[in-house]
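Just remember that the numbering used here sits 12 ahead of the position in the sequence shown, which is counted from 1.
Report on one structure; see the data block that follows.
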Amino acid sequence: MYVCICARVRECEIRRVIRAGAHTEDAVGDECGAGTGCGTCLDRVADLIEAEVPQAVLPALA
């Protein structure tokens, strides 16, 4: 399923870059382009980051 229509990025690609270390919306955008167009998908990108990154890691990134 496409998450970012502007950059034609699928959910599986976003999950892949998150697992590879892209733990912020900006980092995901840098790696695959998601969220760099209109921004409509940024909430979904944030949800995927929260689902994929262990909660112990997220506070350290803030």
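Don't be surprised by glycine CBs; every beta carbon is placed ideally from N, CA and C.
query = Should residue 15 and residue 23 be called a contact, given that it needs their Cβ atoms to be closer than 7 Å?
reply = yes
Reference residue 61; option with closest CA among 41, 35, 17 = 35
inquiry  = Quick check on the DSSP output: the beta strand (DSSP E) that includes residue 16 runs from which residue to which?
reply    = 14 to 16
Start and end residues, alpha helix (DSSP H) containing residue 46 = Per DSSP, residue 46 belongs to no alpha helix (DSSP H) and is neither H nor E.
key: Within 7 Å, strictly: CB atoms of residue 44 and residue 18   = no
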